[in-house]
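Visitor: One structure, pasted below without further comment.
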Ligand code: SIN
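Pasting the structure below:
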């Protein structure tokens, strides 16, 4: 295997594992790694989060599944994935062989808590990855008879508490941006046993084709991502940092190192690059190199010295209500 060009300024130990740098590929934007191996050097990253795995294979939603939305992207992919069985027999062995020097989180999705737990049991029996990211916030695949779990702290607690009993691996919970205040939701995840939270998933959105008067996406509404979501994500990280002490992962609108550094300053230890990868498969690698240049230029010994040190944000931003 090729030796890793470890830049000690960017390296961190989190969840008992070494992350060579703080940049991961976000769930749903890199498949299971194999799909992107010819397009970028995966081992130059801190890690990846896989496409969400469901109990059964999912074909996904009708096309179009992705449309441009100004400075953003709207998607409703519908969690298309090969399902637990094939992930265990094909994807995990590939990742074990090819991604052993970076950290892998397997994203898990379901309609009811029991589905999450059965997937975790299945993945545990195979292993070959660091931890889980529970996708409790997909806007395109809501739980039976309800909203995504991340919109209801009590429902979130049930899933996370059950998952916690099944694994000692790091357990991340991916939260939704469309809540009045994300702080208490992050707190609920921490109380239930999560080791970290990922902030934020896409924001529900709708675009209409005015010629046909139909929704632009085949499935109707979808989730908004890309640069338009960045300030929302950075704010969410800052709020979660004030309310919890677990590890935070920032995602939303990161296209360059400057964007990632904002998330670190707000309190994220790791960041994820998502939508930018669709336009430039090497975007995440550019972000790593840009953070390295920034730390060198600013004389920062380790990237951890940047985490949560934002200044001038003491005046609380009202998250709901307020004077009329
Ligand atoms: C999708 O597959 O529809 C998107 C997944 C997500 O936003 O969590």
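In the working numbering, the protein residues as written are 352 to 675. Glycine included, C-beta positions come from ideal geometry on N, C-alpha and C. Predicted, not measured: the structure shown is a model, and the values here were computed from it.
By how many angstroms is the C-alpha of residue 590 removed from the C-alpha of residue 550?
Guide: Roughly 10 Å separates the two Cα atoms.
Visitor: Less than 8 Å between C-beta atoms, sequence neighbours within five positions excluded: which residues of the same chain meet that for residue 616?
Guide: 657, 658, 659, 660, 661
Visitor: Counting pairs of Cβ atoms below 8 Å between the segment 476-484 and the segment 445-465, do you hit three or more?
Guide: Judged by Cβ distances under 8 Å, the segment 476-484 makes contact with the segment 445-465, as three or more pairs qualify.
Visitor: Any heavy atom of the ligand SIN within a distance shorter than 6 Å of the CB on residue 381?
Guide: no
Visitor: Under 8 Å: do the segment 371-387 and the segment 619-629 share three or more Cβ pairs, one atom per stretch?
Guide: yes
Visitor: Could you spell out the range, first to last residue, of the alpha helix (DSSP H) harbouring residue 583?
Guide: 581-594
Visitor: Among residues of its own chain, excluding the 5 on either side of residue 580, which ones have a beta-carbon nearer than 8 Å to its beta-carbon?
Guide: 423, 528, 551, 553, 554, 603, 604
Visitor: What does the Cβ neighbour count give for residue 446, buried or exposed, with the cut at 16 atoms within 10 Å?
Guide: Under this definition residue 446 is a buried residue.
Visitor: Quick check: residue 431 and residue 411, are their CB atoms within less than 7 Å of each other?
Guide: yes
Visitor: Using C-beta distances below 8 Å, list every residue in its chain close to residue 439, excluding the 5 sequence neighbours before and after it, in chain order.
Guide: 473, 474, 476, 477
Visitor: How would you write the range of the beta strand (DSSP E) that residue 368 sits in, first residue to last?
Guide: 368-370
Visitor: Could you please give me the residues that DSSP links to residue 554 through a beta bridge?
Guide: For residue 554, which the question treats as bridged, DSSP gives the partners 575.
Visitor: Quick check on this structure: which residue in 490, 536, 403 has the alpha carbon closest to the alpha carbon of residue 508?
Guide: The residue among 490, 536, 403 with its C-alpha nearest the C-alpha of residue 508 is 536.
Visitor: From residue 542 to residue 609, what does the alpha carbon distance come to, in whole angstroms?
Guide: Taking the straight line from one Cα to the other gives about 32 Å.
Visitor: Please report the residue range of the alpha helix (DSSP H) in which residue 613 lies.
Guide: 608-617
Visitor: State the start and end residues of the unbroken beta strand (DSSP E) segment that holds residue 402.
Guide: No beta strand (DSSP E) holds residue 402; DSSP gives it neither H nor E.
Visitor: Is there contact here, the segment 567-576 with the segment 508-521, by at least three beta-carbon pairs under 8 Å?
Guide: no
Visitor: Is any heavy atom in the ligand SIN found nearer than 6 Å to the beta carbon of residue 428?
Guide: yes
Visitor: Suppose you measure from the CA of residue 641 to the CA of residue 564; what does that come to, to the nearest Å?
Guide: If you take the alpha carbons of residue 641 and residue 564, they lie about 43 Å apart.
Visitor: Do you know offhand how far residue 510's Cα is from residue 378's?
Guide: 19 Å
Visitor: Span of the alpha helix (DSSP H) holding residue 639?
Guide: 634-648
Visitor: In chain order, what residues of the same chain lie with their CB nearer than 7 Å to the CB of residue 700, ignoring the 5 residues before and after it?
Guide: The chain is shown from 352 up to 675; residue 700 falls before or after that span and cannot be answered.
Visitor: In chain order, what residues of the same chain have a beta carbon less than 8 Å from the beta carbon of residue 403, not counting five sequence neighbours either side?
Guide: 378, 379, 430, 432, 458, 459, 460, 486, 489
Visitor: Out of curiosity, what's the CA-to-CA distance linking residue 577 and residue 650?
Guide: 30 Å
Visitor: Who are the Cβ neighbours of residue 545 in its own chain at under 7 Å, not counting the five residues just before and after it?
Guide: 511, 522, 523, 524, 597
Visitor: Please classify residue 546: does DSSP put it in a helix, a strand, or coil?
Guide: coil
Visitor: Can you list, in chain order, the residues of its chain whose CB lies under 8 Å from that of residue 497, leaving out five sequence neighbours each side?
Guide: So the qualifying residues of the chain are 503, 506.
Visitor: With hydrogens ignored, establish whether the beta-carbon of residue 574 is closer than 6 Å to any heavy atom of the ligand SIN.
Guide: yes
Visitor: Comparing the CB of residue 486 with every heavy atom of the ligand SIN, is any distance shorter than 6 Å?
Guide: yes
Visitor: Sorry if obvious, but does the Cβ on residue 653 come closer than 6 Å to a heavy atom of the ligand SIN?
Guide: Distances between the C-beta of residue 653 and the heavy atoms of the ligand SIN are all 6 Å or more.
Visitor: Less than 8 Å between the CB atoms is what I'm expecting for residue 614 and residue 663, so what's the real figure, rounded?
Guide: Actually they do not touch by this definition, with Cβ atoms about 17 Å apart.
Visitor: Tell me whether residue 376 is buried or exposed, calling it buried when 16 or more other Cβ atoms sit within 10 Å of its Cβ.
Guide: buried
Visitor: Which residue marks the beginning of the alpha helix (DSSP H) containing residue 446, and which one marks its end?
Guide: 443-449
Visitor: From 587, 607, 466, 533, pick the residue whose C-alpha is nearest to that of residue 634; which is it?
Guide: 607
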